[in-house]
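As you go down the protein sequences, you meet chains A and B in turn. First residue of the first sequence? That's 1 in UniProt numbering, and the numbers climb one at a time after it. First residue of the second sequence? That's 1 in UniProt numbering, and the numbers climb one at a time after it. In this text, a Cβ means the ideal position worked out from N, Cα and C, and glycines have one as well. All values derive from a computational prediction rather than experimental measurement.
There are 2 protein chains.
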Amino acid sequence: METVDDAVVNPGGPAAATAGDGRGTAAPAPRRRTRARATASMADVARLAGVSAQTVSRVSNGYPGVTEETRRQVLAAMKELGYRPNSAARALKRGEFRTIGVITFSLSTTGNVRTLEAIANSAAHEGYAVTLLPVAVPTQDEVRGAFTRLEELAVDAVIVIMEVHLLDAATVQLPPHVQVVVVDSDAGDRYTVVDTDQHGGTRAAVRHLLGLGHRTVWHLAGPEDSFAAQRRTDAWRAALTEAGRELPPLVRGDWSAESGHRAGLELAAREDCTAVFAANDQMALGLLRALHEHGRRVPEDVSVVGFDDIPEASSFLPPLTTLHQDFAEVGRLCVQAVLRKMRQEGPERGTTLVPARLVLRESTAPPPAGR
Amino acid sequence: METVDDAVVNPGGPAAATAGDGRGTAAPAPRRRTRARATASMADVARLAGVSAQTVSRVSNGYPGVTEETRRQVLAAMKELGYRPNSAARALKRGEFRTIGVITFSLSTTGNVRTLEAIANSAAHEGYAVTLLPVAVPTQDEVRGAFTRLEELAVDAVIVIMEVHLLDAATVQLPPHVQVVVVDSDAGDRYTVVDTDQHGGTRAAVRHLLGLGHRTVWHLAGPEDSFAAQRRTDAWRAALTEAGRELPPLVRGDWSAESGHRAGLELAAREDCTAVFAANDQMALGLLRALHEHGRRVPEDVSVVGFDDIPEASSFLPPLTTLHQDFAEVGRLCVQAVLRKMRQEGPERGTTLVPARLVLRESTAPPPAGR
DNA sequence: CCACCAGATGTTTACGTAAACATAACAGCT
DNA sequence: AGCTGTTATGTTTACGTAAACATCTGGTGG
Chain A
1 METVDDAVVN
11 PGGPAAATAG
21 DGRGTAAPAP
31 RRRTRARATA
41 SMADVARLAG
51 VSAQTVSRVS
61 NGYPGVTEET
71 RRQVLAAMKE
81 LGYRPNSAAR
91 ALKRGEFRTI
101 GVITFSLSTT
111 GNVRTLEAIA
121 NSAAHEGYAV
131 TLLPVAVPTQ
141 DEVRGAFTRL
151 EELAVDAVIV
161 IMEVHLLDAA
171 TVQLPPHVQV
181 VVVDSDAGDR
191 YTVVDTDQHG
201 GTRAAVRHLL
211 GLGHRTVWHL
221 AGPEDSFAAQ
231 RRTDAWRAAL
241 TEAGRELPPL
251 VRGDWSAESG
261 HRAGLELAAR
271 EDCTAVFAAN
281 DQMALGLLRA
291 LHEHGRRVPE
301 DVSVVGFDDI
311 PEASSFLPPL
321 TTLHQDFAEV
331 GRLCVQAVLR
341 KMRQEGPERG
351 TTLVPARLVL
361 RESTAPPPAG
371 R
Chain B
1 METVDDAVVN
11 PGGPAAATAG
21 DGRGTAAPAP
31 RRRTRARATA
41 SMADVARLAG
51 VSAQTVSRVS
61 NGYPGVTEET
71 RRQVLAAMKE
81 LGYRPNSAAR
91 ALKRGEFRTI
101 GVITFSLSTT
111 GNVRTLEAIA
121 NSAAHEGYAV
131 TLLPVAVPTQ
141 DEVRGAFTRL
151 EELAVDAVIV
161 IMEVHLLDAA
171 TVQLPPHVQV
181 VVVDSDAGDR
191 YTVVDTDQHG
201 GTRAAVRHLL
211 GLGHRTVWHL
221 AGPEDSFAAQ
231 RRTDAWRAAL
241 TEAGRELPPL
251 VRGDWSAESG
261 HRAGLELAAR
271 EDCTAVFAAN
281 DQMALGLLRA
291 LHEHGRRVPE
301 DVSVVGFDDI
311 PEASSFLPPL
321 TTLHQDFAEV
331 GRLCVQAVLR
341 KMRQEGPERG
351 TTLVPARLVL
361 RESTAPPPAG
371 R
């Protein structure tokens, strides 16, 4: 073990003996404790390459002012020792971690997961790492807990994938330099927000169904505490009102297929319901099952449109017409926005919307003849 | 903009003027550049509380040997200054980051996501953060890239959620102290592995179907490069052989519902196929659609069993009988294992299996009378 | 021929924390 | 009283890096 350090001979430093400054007064060199180090440091590389640590630093960071010859030597030494920069020391010195924290509710919804994935990819591309801050239950306490953990965490910025009022309520003070970007929120006046264009997407769905001849469109809504759900509901109302159609009573689910099934039982019982816009694909799946169980055919008797375009949507019975969300783009924009804020190039707040695209499959058709 | 910083008044530090130590010999006090610090350090807290930085450190870490009185004062000072420990400095000093890296393929499969989520939760519970290392495409180059990024990353351990031969092939040298735990692999002889009991689960599925009276069981397999898929296929073969049944030809998919649909078209055409074990629920979904399209009823004509028990499985048409994977437990065990390795308490290698549980729903029944 | 410049390289220092060691105060005992 | 041990607290130092500053070299132009 000891041998490692001992083997590192001073490779003929330029006779630094004369450099005996006034410091080493007495004491016959108390010989630094020779411990076998797990990783090589700049000093080790410097010693082996016969240069100063600073030069190693310059090479490591690709700074100019190093001869090609010297650079080669340093690189060789790095390789020999298996040198890896110590990110902790680097972060301490530089005051930044090159890490983005992502705080989100349980990864059970497709949207969050896909967004997270895109964020991670974009961040990696920009040389940033992503630290995941899971929040088990969407209660204020939990959120506050996550933020408290976050406060001590090594991150330069935070992307929040959830309704922001929980964030507001959690009276946590982030370190002043930590930037925040939010998904799934309407707080564009206070934060930088990136989101799918819920309104436009919903509008496209409703218009598609009305265009097929349906008298009106029912809505299977998501949970009240979700901003996305709320926006879709609002947009649905607006689109119907604008078209001068009757507004059917709202049916509410909680995003899960099971809740879609429960709600679907209600809808299936109503003869006058010929078109349903479900706030996500999972609920649409449950709805499809409920309709099937009640002998109502899709799309002959009832048309269904979903939201999200999860990969399975094309394998539903029948394949689901739905709104495709470009999560990859949302994630990418989040990272861009947060980096811009860190460089103080971007605006402090404002909302960026990513369009949703209607994907036509086989779950929609004109209403039954009689209607 | 600037106002923010300017507004941060020094909250009446105890006239630190007298602290003019003996260092500044000549030069009329070059006055350290008075920059508005973003965060308070231990020294700041110590000054305000009238103690040494070391005492602040002790309080911060909950070490003993501090009077209740002193502790209170320090805590008050911390609160007043909004002190947050600097994790970079801490990591540098301690030589550990309290962070676990998770490297996985695209988060498109339920299993990976759920495992990741459980890992994140368990890690948070243990005071560890999770850094996500996304690998866009499962090529050696990509994996190597991820590991290279990882090498410079601030992590103490790595959990790999993917077939490990890619890891082997990627000739990357992790820093020696970084521990590794693997999911979805058979490399128990070289690594610490945690996984669902693919074999036991598959066996339960096959026995269930045989028990219902089916002559044999067909298998809709996952992609060849997935270890989990391979294990399920092997186990399916073993279970049939053991029962002395005929081994039908293998049908292969790629995990996706779409591939399940394609493969399902083949199966649906065969009259002698009355029972199918699909390697995951998504493919089972596609299979259900294909069977439906061919007028073959489930479960009356064909029985189907899936694997995973995704939340939507209970809303399939019909609700799917499937093997429930306890991803939460897998994730928890990964974290436990990796922490144990870090403390050098655990074995270097070996495999831990988490049982899969057969969930009976409505997609299985005895074969049609004639068969 | 020398002052001066630019580029390459070395030296010092600080980032914030916590281990190791040092000191001080005091209680309990002979 | 004097010794010993215990507890609370302070001081020094090192972790690995990189900015700031210092030094050295060789060339250029007056």
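Boundaries of the alpha helix (DSSP H) in which residue i is found, first to last residue
i                      : result
residue 119 of chain A : 110-125
residue 218 of chain B : Counting along the chain, residue 218 of chain B falls outside any alpha helix (DSSP H), though it belongs to the beta strand (DSSP E) covering 218-221.
residue 237 of chain A : 227-242
residue 148 of chain A : 140-151
residue 45 of chain A  : 42-49
residue 267 of chain A : 257-269
residue 94 of chain A  : 87-94
Min CB distance residue i to chain B below 8 Å
i                      : result
residue 107 of chain A : yes
residue 280 of chain A : no
residue 292 of chain A : yes
residue 261 of chain A : yes
residue 299 of chain A : no
residue 286 of chain A : yes
residue 131 of chain A : yes
residue 393 of chain A : Since the first and last residues shown for chain A are 1 and 371, residue 393 of chain A lies out of range.
residue 433 of chain A : Residue numbering for chain A in the displayed model covers 1 to 371; residue 433 of chain A lies beyond these limits and cannot be assessed.
residue 355 of chain A : no
residue 121 of chain A : yes
residue 152 of chain A : yes
residue 136 of chain A : yes
residue 75 of chain A  : no
residue 248 of chain A : no
Unbroken beta strand (DSSP E) run spanning residue i, endpoints
i                      : result
residue 285 of chain B : Residue 285 of chain B -> not in any beta strand (DSSP E); alpha helix (DSSP H) instead, spanning 281-293.
residue 129 of chain B : 129-135
residue 211 of chain A : Run containing residue 211 of chain A: none in the beta strand (DSSP E); it sits in the alpha helix (DSSP H), 198-211.
residue 298 of chain A : Element bounds for residue 298 of chain A: n/a, residue is neither H nor E.
Minimum Cβ-Cβ distance from residue i to chain A less than 8 Å
i                      : result
residue 385 of chain B : The question about residue 385 of chain B has no answer, for chain B in this structure spans 1 to 371.
residue 187 of chain B : no
residue 91 of chain B  : yes
residue 97 of chain B  : yes
residue 268 of chain B : no
residue 113 of chain B : yes
residue 257 of chain B : yes
residue 88 of chain B  : yes
Residue i and residue j closer than 8 Å at C-beta
i                      : j                      : result
residue 73 of chain B  : residue 88 of chain B  : no
residue 363 of chain B : residue 286 of chain A : no
residue 131 of chain A : residue 330 of chain A : no
residue 201 of chain B : residue 153 of chain B : no
residue 372 of chain B : residue 251 of chain B : Since the first and last residues shown for chain B are 1 and 371, residue 372 of chain B lies out of range.
residue 311 of chain A : residue 257 of chain B : yes
residue 186 of chain B : residue 227 of chain B : yes
residue 319 of chain B : residue 214 of chain B : no
residue 385 of chain A : residue 197 of chain A : There is simply no residue 385 of chain A to check, as chain A begins at 1 and stops at 371 in what is shown.
residue 376 of chain A : residue 253 of chain A : Any answer about residue 376 of chain A is impossible in this case: the structure gives chain A only from 1 up to 371.
residue 81 of chain A  : residue 123 of chain A : no
residue 79 of chain A  : residue 179 of chain A : no
residue 270 of chain B : residue 118 of chain B : no
residue 91 of chain A  : residue 45 of chain A  : no
Counterpart residues of residue i in DSSP-defined beta bridges
i                      : result
residue 303 of chain B : B/275
residue 103 of chain A : A/133, A/160
residue 308 of chain B : B/324
residue 179 of chain A : A/157
residue 251 of chain A : A/220
residue 350 of chain A : A/192
residue 358 of chain A : A/323
Cβ separation of residue i and residue j, assumed to be a contact under 8 Å, to the nearest whole Å
i                      : j                      : result
residue 291 of chain B : residue 302 of chain B : 6 Å
residue 308 of chain B : residue 322 of chain B : 6 Å
residue 297 of chain B : residue 317 of chain A : At roughly 13 Å, the Cβ-Cβ gap does not stay under 8 Å, so residue 297 of chain B and residue 317 of chain A are not in contact.
residue 95 of chain A  : residue 325 of chain A : Not quite, the Cβ-Cβ distance comes to about 37 Å (not below 8 Å), so this is no contact.
residue 240 of chain A : residue 274 of chain A : Their Cβ separation, rounded to whole angstroms, is 14 Å, which puts residue 240 of chain A and residue 274 of chain A out of contact at 8 Å.
Near the ligand NAD: residue i beta-carbon under 7 Å from a heavy atom
i                     : result
residue 51 of chain B : Summarising the ligand content, the structure contains no ligands, and the ligand NAD is consequently not present.
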